[in-house]
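Chains as they are written, first to last, in my numbering: chain A, 1 to 171; chain B, 1001 to 1171; chain C, 2001 to 2171.
All C-beta atoms in this analysis are idealised placements derived from N, C-alpha and C, irrespective of residue type, glycine included.
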Amino acid sequence: MSAALPGQAAGAGIALDFATYQALVQLYAEYACAVDSGDWDLWPGFFVDDCRYRLVPRENHERGLPLATLSFESKGMLKDRVYGIRETLFHDPYYQRHVVSLPCVHAVTADGIRCETNYVVIRTRRNELAAVYNAGRYLDWIVHTDTGLKFRERIAVFDSELIPNSLIYPI
Amino acid sequence: MSAALPGQAAGAGIALDFATYQALVQLYAEYACAVDSGDWDLWPGFFVDDCRYRLVPRENHERGLPLATLSFESKGMLKDRVYGIRETLFHDPYYQRHVVSLPCVHAVTADGIRCETNYVVIRTRRNELAAVYNAGRYLDWIVHTDTGLKFRERIAVFDSELIPNSLIYPI
Amino acid sequence: MSAALPGQAAGAGIALDFATYQALVQLYAEYACAVDSGDWDLWPGFFVDDCRYRLVPRENHERGLPLATLSFESKGMLKDRVYGIRETLFHDPYYQRHVVSLPCVHAVTADGIRCETNYVVIRTRRNELAAVYNAGRYLDWIVHTDTGLKFRERIAVFDSELIPNSLIYPI
Chain A
1 MSAALPGQAA GAGIALDFAT YQALVQLYAE YACAVDSGDW DLWPGFFVDD CRYRLVPREN
61 HERGLPLATL SFESKGMLKD RVYGIRETLF HDPYYQRHVV SLPCVHAVTA DGIRCETNYV
121 VIRTRRNELA AVYNAGRYLD WIVHTDTGLK FRERIAVFDS ELIPNSLIYP I
Chain B
1001 MSAALPGQAA GAGIALDFAT YQALVQLYAE YACAVDSGDW DLWPGFFVDD CRYRLVPREN
1061 HERGLPLATL SFESKGMLKD RVYGIRETLF HDPYYQRHVV SLPCVHAVTA DGIRCETNYV
1121 VIRTRRNELA AVYNAGRYLD WIVHTDTGLK FRERIAVFDS ELIPNSLIYP I
Chain C
2001 MSAALPGQAA GAGIALDFAT YQALVQLYAE YACAVDSGDW DLWPGFFVDD CRYRLVPREN
2061 HERGLPLATL SFESKGMLKD RVYGIRETLF HDPYYQRHVV SLPCVHAVTA DGIRCETNYV
2121 VIRTRRNELA AVYNAGRYLD WIVHTDTGLK FRERIAVFDS ELIPNSLIYP I
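Right, here's the structure in full:
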């Protein structure tokens, strides 16, 4: 597993105190609620300014290929994306629902927390049945800030090679 | 997020001690196991006598419309529903399986715990493949009782506007 | 619920200290990541030598019928299975993704931890959409070892009576 997370400190522990553990689970849960709420402005707030968000097909990730479905390198780019979702991207609205699996902590260091979590996103379109939309895992680098835990990096590696229409909203 | 939970105390903390946290996760997990077990009599036991259970389409919930798919205002009504499931509701039996996401705690006060959690229910009918049945979020008000944590209120807001046949068993 | 876990000590507590709780969640999360990684050699490492792994349809489990889809009685048999997956079982490769629900602890004794957890596995085949593959619950007996928590027994009881093709990879 460790090999999946470059940058992980060798020999780092994975033990967290309970307050940090609860904050970590809360971060994951609030993120899921936020991106499913339809209030897209909440999304960038989960990241530090100097962040990285990528949505990558598993095949590309595992082969080390650079191509990503989405790739943002700052909180400003996330805000641009939110603007795009609301104002410029032509799409049929849909509901999405993230169900996040139990967190797998890889390393806890002075540099932050490296953590991985499986997820599935269920999509519901108007007048259609709910269906699996996107499944994969989050590879996260989480840091402490004055306003709590934030993502320094979130990479969503999704298994699906085919996507039912475009991925518009944040995963 | 806070706006989604009317009744939430302003400025309330969300920190739990570990024993309460484990009890909260256990409540969610036992509820899921119980409603998936087929032993419907277990279901009302998760609620206090003076409880509220609602199953509401997301559209109605977000527009503040009163219509709910199911709406029960006491433990007695939950028991009536169980009687209905077993004795009077005509339906094809099916298996259901709840997968519950990580809990998002909104407020911890003397009044109890306000918490929200995404869920997906997978249904398996005889001689059919398992498929997504219902996805949404639980909006919960949980209280301490002499017999542990119980639901004072559980509102399941589901994304699906179409439902594959009726919702018979508890979500 | 208790009735579902034969062998559970009557009156046993379910409280865990936080370090053990984190280790339990971590075990579940690492197992899911491992069996989804495609590196099948990781799988036997989650079990003690004298272990039991079964994959059983719900109908057989509930009726006490002995037939299982898979049944292994030692770590050696798990390693044989891994060899089979890689070398002898003819199958179309696919990705799988486990999303594991919150753990429901049944008993904590000197003998280990009895725990139950719902799960869903999403499968993605080349050039197909991701879809629900297998849903059910894990019935686990987890023990302390010198190298951390391991499975003494993991029984996956799945709801699906029909399976889309064979179950090749570990659930």
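From the options, residue whose alpha carbon lies closest to that of residue i
i, options, result
"GLY2148(C)", "ASP2039(C), ILE2113(C), VAL2157(C)", "ILE2113(C)"
"HIS98(A)", "TYR28(A), LYS75(A), ARG86(A)", "TYR28(A)"
"GLY136(A)", "GLU62(A), GLU30(A), LEU42(A)", "GLU62(A)"
"ALA960(B)", "LEU1162(B), THR1145(B), ASP1140(B)", "The structure shown does not extend to residue 960(B), since chain B spans only 1001 to 1171, so no value can be given for it."
"ASP80(A)", "ASP41(A), TYR95(A), GLN26(A), ASP17(A)", "ASP41(A)"
"GLY76(A)", "TYR94(A), ASP36(A), PRO57(A), PHE46(A)", "PHE46(A)"
"ASP2049(C)", "LEU2102(C), GLU2087(C), ILE2142(C)", "ILE2142(C)"
"VAL35(A)", "LEU24(A), LEU102(A), ILE122(A), GLU116(A)", "ILE122(A)"
"ARG125(A)", "GLU1161(B), CYS1033(B), PRO1066(B), GLU1030(B)", "GLU1161(B)"
"CYS1033(B)", "SER2166(C), TYR2119(C), GLU2128(C)", "TYR2119(C)"
"GLN1096(B)", "GLY1013(B), GLY1038(B), GLU1030(B)", "GLY1038(B)"
"TYR1138(B)", "LEU1102(B), GLY1084(B), ASN1127(B), PRO1066(B)", "LEU1102(B)"
"GLN26(A)", "ILE171(A), LEU167(A), LYS150(A)", "LYS150(A)"
"THR2117(C)", "ASP1017(B), ILE1085(B), TYR1031(B), ALA1019(B)", "TYR1031(B)"
"GLY2013(C)", "ILE2085(C), ALA2023(C), ASN2060(C), VAL2105(C)", "VAL2105(C)"
"SER1166(B)", "ALA1023(B), GLU1059(B), LEU1070(B), LEU1024(B)", "LEU1070(B)"
"GLU2059(C)", "ASP1017(B), ILE1171(B), TYR1094(B), ILE1085(B)", "TYR1094(B)"
"PHE72(A)", "PHE18(A), CYS51(A), ARG86(A)", "CYS51(A)"
"ILE2163(C)", "CYS1115(B), ARG1152(B), SER1074(B), ASN1127(B)", "ASN1127(B)"
"ARG152(A)", "ALA19(A), SER74(A), ASP17(A)", "SER74(A)"
Cβ-based burial, residue i [other Cβ within 10 Å; buried from 16]
i, result
"PHE943(B)", "Chain B is shown only over 1001 to 1171; residue 943(B) falls outside these bounds and no answer can be derived."
"ASN2134(C)", "buried"
"TYR1169(B)", "buried"
"HIS1144(B)", "exposed"
"ALA110(A)", "exposed"
"LEU65(A)", "exposed"
"ALA2023(C)", "buried"
"ARG1086(B)", "exposed"
Coil, strand or helix - residue i by DSSP
i, result
"ASP1050(B)", "strand"
"PHE1018(B)", "helix"
"ASN127(A)", "coil"
"ALA34(A)", "helix"
"VAL1157(B)", "strand"
"THR2147(C)", "coil"
"GLY2076(C)", "helix"
"ALA135(A)", "strand"
"ASP2140(C)", "strand"
"THR1069(B)", "coil"
"HIS2061(C)", "helix"
"ALA2110(C)", "coil"
"ILE122(A)", "strand"
"TYR1094(B)", "strand"
"LEU1089(B)", "coil"
"LEU55(A)", "strand"
Supposed close pair residue i, residue j - CB separation, criterion 8 Å
i, j, result
"LEU2078(C)", "ALA2068(C)", "Their Cβ separation, rounded to whole angstroms, is 14 Å, which puts LEU2078(C) and ALA2068(C) out of contact at 8 Å."
"VAL2108(C)", "ALA2015(C)", "7 Å"
"PRO1130(B)", "ASP2092(C)", "Per the sequence shown, the amino acid found at residue 1130(B) is Ala instead of Pro. Actually they do not touch by this definition, with Cβ atoms about 19 Å apart."
"TYR53(A)", "ARG154(A)", "5 Å"
"VAL1082(B)", "PRO1044(B)", "7 Å"
Chain-ordered neighbours of residue i on chain B, where CB pairs are closer than 8 Å
i, result
"TYR2028(C)", "Here the premise fails: no neighbours, minimum Cβ distance about 12 Å."
"ALA32(A)", "SER1101, LEU1102, CYS1104, ASN1118"
"HIS91(A)", "Ordered by position in chain B, no residue passes the 8 Å Cβ test against HIS91(A), which lies about 17 Å from the chain."
Residue i: contacting residues in chain C (beta-carbon distance under 8 Å)
i, result
"ALA15(A)", "ALA2019, GLN2022"
"HIS1098(B)", "SER2101, ASN2118"
Per-residue contacts from residue i into chain A (C-beta, under 9 Å)
i, result
"VAL1035(B)", "In chain order: nothing, as chain A lies at least about 16 Å away."
"ARG1058(B)", "TYR95, THR124"
Within chain A, partners of residue i - CB distance below 8 Å
i, result
"ILE2122(C)", "VAL120, VAL132, ALA135, ASP159"
"THR2025(C)", "Per the sequence shown, residue 2025(C) should be read as Val rather than Thr. Here the neighbours are LEU102, PRO103."
Beta-carbon neighbours of residue i, restricted to chain C and to distances below 7 Å
i, result
"LEU162(A)", "ASN2127, GLU2128, LEU2129"
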